[in-house]
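Protein chains in written order, with this note's numbering: chain A, 1 to 388; chain B, 1001 to 1388.
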């Protein structure tokens, strides 16, 4: 236990982002065990800040860093959806990071950076680079407050939301992860789950969004079915229409129009989810986030020792080039993030692979393994309707 | 002579882009010498098209492929700026390609792809990949006609142009090149020169745009001065205010706001140039295009055998990641191109390096060679005012 926290402590830094001078970094001292466990009304004096911990059943000990919102506040407002969401994403982050770390040598751990945003809120960015199994893996949470500029309000109106003129106070909490394994036989996974609140005409509008999608380098139909089946089962526990609807949404969203290709073989994707009620929508999102490990980790386990050669590695790098194209040209989250003043671009761009490649007019033979992947990227399949 | 044309012939294909099925490729037979030399009124029957060549002093023989506009038309309308521009960019393309090829083994030549656009016009894309000196080099021309959609008209109005409501007929001809050398001691160069005409209320609006800019991986002040001095001398032959104005424009344009860095050490950049008159503006643009070789090729010659190691290569790949960020997120030409239906994305994306890299939170020491580059990318310098 002490060892685990010590491990975290060694890797855990807090950065404060200033709009004026982003490169100025302040490391806050952090006291380890005590600050993470909220079991009594105690004040821990650290070098730069005080942690007020109140009576609670929050098991903050398992988190990788101190939550962005104070434990005191989270404890006091445990029934507020903002607190629930922050605590949930912290837990999912810790579980996923530990699951990924279990594939690597004991001495290779995620770097844990806790950062604060001058305008309100912050995040916890966990990155592992140059591992044996994972070439680059990022698992980030962020909890951000502020006021929505008029342009963002207009975008939301265009999506059908009834809103006053901006600026409007908002809260957003989410988890986002992209895992690029080294072995081209293991697919890349991305997931993102988020909760949004806007104060609008003295009432609160809220919604959830998110999704999980898979980007293989070589098509393995059994993997595709396992992945989609796991997501489908999660969806079916809540609404029998969800999987088909969110699967199509995913295929439509992760599209690279100039190439006429999808980024990968899809998964689920949804936004503006505010039905049937807040608690039930939360339960669904939590279940989706919990289904990431069973949908993906078995594929890592299955393929981590698969053989591959130079040609497969080159193909993987080319496909990663396509990943970069999607993320930098079309992904709304990346664009929105990078255009936001004071954005922590290092956290946003963690989704980019360690290495990518672009060759002019690279066109694999239709009958090759590479060509078979291209075929399903051009024409998304309903994996669960294919008879095996 | 015959050998040279044979060489071209072997590498030269024509593609026709269909919006519906981009991947369908038709190779047109091309007859080599005859089609390129317009010396008499002759009809050459080839497999798929006829070439009408009229009496002219156009030396089409030196071009790398048949111009997009027929030689007959170009010959008949030699005094039209559209023809002048197309002939000039064809000449510049051939000269630059040959200059770059002279650094490579005799058996490594640019691949020459001539492509036609269903909506009107086409281009000639020349690419060399995996050379000894050049890792990836693209030198493209395009000559495109069509009608400007209302959205493009609005953008042009926002830039101060007086225009009717769209759609308006337009013509655009340009040359664009990006050269990524293998040795990190040789900078990457980009240049682009273009001419635009819009038919508007029965009159023609026209303007020129373009620029040349340098992206070194390691700062060499002597190189920076040589490069900027060459551009300054070219500018000074036309207008003593051009260099300073276009140098600033370049620093402002090739900016990566989320990183607070310029893409490189600049050069010149301008748009909407329609003074003092059409011929003089053309002369300036032609001089700029002609100054690319003297501004850049001596740097290739000087550094092609410089020693470097793993660390320098890794740094080069990281900087190429920044190049990709600028081109895919901020570059107006790339975005405009990729969002255009029927765009030849392989030609647009030739600007991307063969390989690029992204590392989380990579920050070189301020006092290192890498740190010294970052310093000038953050704070652009007036190279010609530095005393040596």
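Every residue gets a Cβ at the ideal spot worked out from N, C-alpha and C, and that includes glycine.
(1) On the DSSP bridge list, what partners appear for residue 1203/B?
(2) Between 1075/B, 1094/B, 1338/B and 1064/B, which lies nearest to residue 1289/B when the distance is taken from Cα to Cα?
(3) Which whole-angstrom value describes the C-beta separation of residue 199/A and residue 169/A, a residue pair presumed to lie in contact below a C-beta threshold of 8 Å?
(4) Here's the rule: buried if 16 or more other CB atoms are within 10 angstroms of the residue's CB, otherwise exposed. What is residue 118/A?
(5) Considering only DSSP beta bridges, list what residue 152/A is partnered with.
(6) Mind checking which residues open and close the alpha helix (DSSP H) that includes residue 1249/B?
(7) Determine the burial state of residue 1232/B: buried for a count of at least 16 other Cβ atoms within 10 Å of its Cβ, exposed for fewer.
(8) Just to make sure I have the definition right: I need the residues of chain A whose C-beta is within less than 8 Å of the C-beta of residue 1129/B. Which are they?
(9) Buried or exposed: residue 1276/B, going by 16 or more other Cβ atoms within 10 Å of its Cβ?
(10) For residue 329/A, go through chain B and note every residue whose CB falls closer than 7 Å to its CB, in chain order.
(11) Within the continuous beta strand (DSSP E) that includes residue 180/A, where are the two ends?
(12) Give the secondary structure of residue 1336/B by DSSP, where H, G and I count as helix, E and B as strand, and everything else as coil.
(13) In whole angstroms, what is the alpha-carbon distance linking residue 1148/B and residue 111/A?
(14) Compare the C-alpha of residue 98/A against each of 257/A, 63/A and 80/A and name the closest.
(15) Under 8 Å, do residue 1274/B and residue 1209/B count as touching if we go by C-beta distance?
(16) Taking 7 Å as the limit between beta carbons, can you name the residues of its chain near residue 1281/B, skipping five residues before and five after?
(17) Starting from the beta carbon of residue 1353/B, find every residue of chain A whose beta carbon is closer than 8 Å, and list them in chain order.
(18) Can you tell me where the beta strand (DSSP E) holding residue 1111/B begins and where it ends?
(19) Quick check: residue 303/A and residue 183/A, are their CB atoms within less than 8 Å of each other?
(20) According to the Cβ coordinates, are residue 264/A and residue 216/A closer than 8 Å?
(21) Pull up the distance between the alpha-carbon of residue 299/A and that of residue 1266/B, whole angstroms please.
(22) Quick one: does residue 139/A have its CB under 8 Å from some CB of chain B?
(23) Output yes or no for whether 8 Å exceeds the beta carbon distance between residue 120/A and residue 139/A.
(24) How is residue 144/A classed by DSSP in three states: helix, strand or coil?
(25) Are the beta-carbon atoms belonging to residue 1306/B and residue 1185/B less than 8 Å from one another?
(26) DSSP three-state label for residue 1077/B, please.
(27) With a threshold of 7 Å (Cβ to nearest heavy atom), would residue 380/A be considered close to the ligand ADP?
(28) From the DSSP output, which residues share a beta bridge with residue 213/A?
(29) Chain A beta carbons: is any one of them nearer than 8 Å to that of residue 1345/B?
(30) When the cut-off is 8 Å and only beta carbons count, does residue 1370/B lie next to chain A?
(31) In chain order, what residues of the same chain lie with their CB nearer than 6 Å to the CB of residue 319/A, ignoring the 5 residues before and after it?
(32) According to a CB-to-CB cut-off of less than 7 Å, which residues of the region 248-272 of chain A neighbour chain B?
(33) Counting C-beta neighbours from all protein chains within 10 Å, is the total for residue 1180/B 16 or more, i.e. buried, or is it exposed?
(34) Kindly list the residues whose CB is nearer than 8 Å to the CB of residue 1225/B, restricted to its own chain and excluding five residues on each side of it in sequence; keep chain order.
(35) Which first and last residues belong to the beta strand (DSSP E) in which residue 357/A is found?
(36) By the 7 Å beta-carbon criterion, what residues does the region 156-185 of chain A contribute toward chain B?
According to the structure shown:
(1) In the second chain, the residue the question calls residue 1203/B occupies position 203. According to DSSP, residue 1203/B bridges with 1200/B.
(2) By 1-based counting over the second chain, the position of residue 1289/B is 289. Measuring from the Cα of residue 1289/B, the nearest candidate turns out to be 1094/B.
(3) Taking the first chain and counting its residues from 1, one reaches residue 199/A at position 199. Taking the first chain and counting its residues from 1, one reaches residue 169/A at position 169. Approximately 4 Å separates the beta-carbon atoms of residue 199/A and residue 169/A; this is inside 8 Å, confirming the contact.
(4) The count along the first chain starts at 1 and reaches residue 118/A at position 118. Of the other Cβ atoms in all chains shown, fewer than 16 fall within 10 Å of the Cβ of residue 118/A; this residue is therefore exposed.
(5) In the first chain, counting from the first residue as 1, residue 152/A sits at position 152. The beta-bridge partner set that DSSP reports for residue 152/A is empty.
(6) Start at 1 with the first residue of the second chain, and residue 1249/B comes out as number 249. Start and end: 1242-1253.
(7) As a first step, residue 1232/B is located in the second chain; it is residue number 232 there, counting from the start. It counts as buried.
(8) As a first step, residue 1129/B is located in the second chain; it is residue number 129 there, counting from the start. The answer, in chain order, is 359 and 360.
(9) Sequence index remark: in the second chain, residue 1276/B carries index 276 (1-based). By the 10 Å Cβ count, residue 1276/B comes out exposed.
(10) Locating residue 329/A in the first chain gives position 329, counting from the first residue. Within 7 Å Cβ-Cβ: 1328 and 1338.
(11) In the first chain, the residue the question calls residue 180/A occupies position 180. 168-181 is the span of the beta strand (DSSP E), which, as asked, contains residue 180/A.
(12) By one-based count along the second chain, residue 1336/B stands at place 336. DSSP places residue 1336/B in helix when its eight states are reduced to three.
(13) Here the question's residue 1148/B lines up with position 148 in the second chain. Here the question's residue 111/A lines up with position 111 in the first chain. C-alpha separation (whole angstroms): 50 Å.
(14) Reading the first chain from its first residue, position 98 is the one you call residue 98/A. The residue with the shortest Cα to Cα distance from residue 98/A is 63/A.
(15) Translated into positions along the second chain, residue 1274/B becomes position 274. Translated into positions along the second chain, residue 1209/B becomes position 209. Result no, Cβ atoms of residue 1274/B and residue 1209/B do not sit closer than 8 Å.
(16) In the second chain, counting from the first residue as 1, residue 1281/B sits at position 281. These residues qualify, in order along the chain: 1208, 1273, 1274 and 1275.
(17) Looking up residue 1353/B in the second chain gives position 353. Going along chain A in sequence order, the residues near residue 1353/B (Cβ under 8 Å) are 358.
(18) Stepping through the second chain from its first residue, residue 1111/B is reached at position 111. Its beta strand (DSSP E) spans residues 1111-1117.
(19) Along the first chain, read from residue 1 onward, the residue named residue 303/A stands at position 303. Along the first chain, read from residue 1 onward, the residue named residue 183/A stands at position 183. Contact check for residue 303/A against residue 183/A passes: the beta carbons are separated by less than 8 Å.
(20) The residue you call residue 264/A lines up with position 264 of the first chain. The residue you call residue 216/A lines up with position 216 of the first chain. Yes, these two residues count as a Cβ contact at 8 Å.
(21) Here residue 299/A corresponds to residue number 299 of the first chain, with the count starting at 1. Here residue 1266/B corresponds to residue number 266 of the second chain, with the count starting at 1. In a straight line, the C-alpha of residue 299/A is about 47 Å away from that of residue 1266/B.
(22) Translated into the one-based positions of the first chain, residue 139/A becomes position 139. It does not; no Cβ of chain B falls within 8 Å.
(23) As a working note, residue 120/A is residue 120 in the first chain. As a working note, residue 139/A is residue 139 in the first chain. Going by C-beta atoms, residue 120/A is not nearer than 8 Å to residue 139/A.
(24) Position 144 of the first chain, counted from the start, is the residue given in the question as residue 144/A. Residue 144/A falls in the strand class under three-state DSSP.
(25) In the second chain, counting from the first residue as 1, residue 1306/B sits at position 306. In the second chain, counting from the first residue as 1, residue 1185/B sits at position 185. Yes, they are a contact pair.
(26) The count along the second chain starts at 1 and reaches residue 1077/B at position 77. Correct three-state label for residue 1077/B: coil.
(27) In the structure on display, the ligand ADP does not appear, and there are no ligands present to speak of.
(28) Your numbering for residue 213/A matches position 213 in the first chain. By DSSP's assignment, residue 213/A forms a beta bridge with 190/A and 267/A.
(29) Reading the second chain from its first residue, position 345 is the one you call residue 1345/B. Taking Cβ atoms only, chain A reaches closer than 8 Å to residue 1345/B, which makes this a yes.
(30) Translated into positions along the second chain, residue 1370/B becomes position 370. Cβ-Cβ to chain A under 8 Å: no for residue 1370/B.
(31) Here residue 319/A refers to the residue found at position 319 of the first chain. Only 217 meet the Cβ criterion.
(32) So the list reads 258, 259 and 260, given in the order they occur along the chain.
(33) The count along the second chain starts at 1 and reaches residue 1180/B at position 180. Residue 1180/B should be labelled buried.
(34) For this step, residue 1225/B is matched to residue 225 along the second chain. Excluding residues within five positions, the ones whose Cβ falls inside 8 Å are 1383, 1384, 1386 and 1388.
(35) Looking up residue 357/A in the first chain gives position 357. Residue 357/A -> beta strand (DSSP E) spans 355-357.
(36) none
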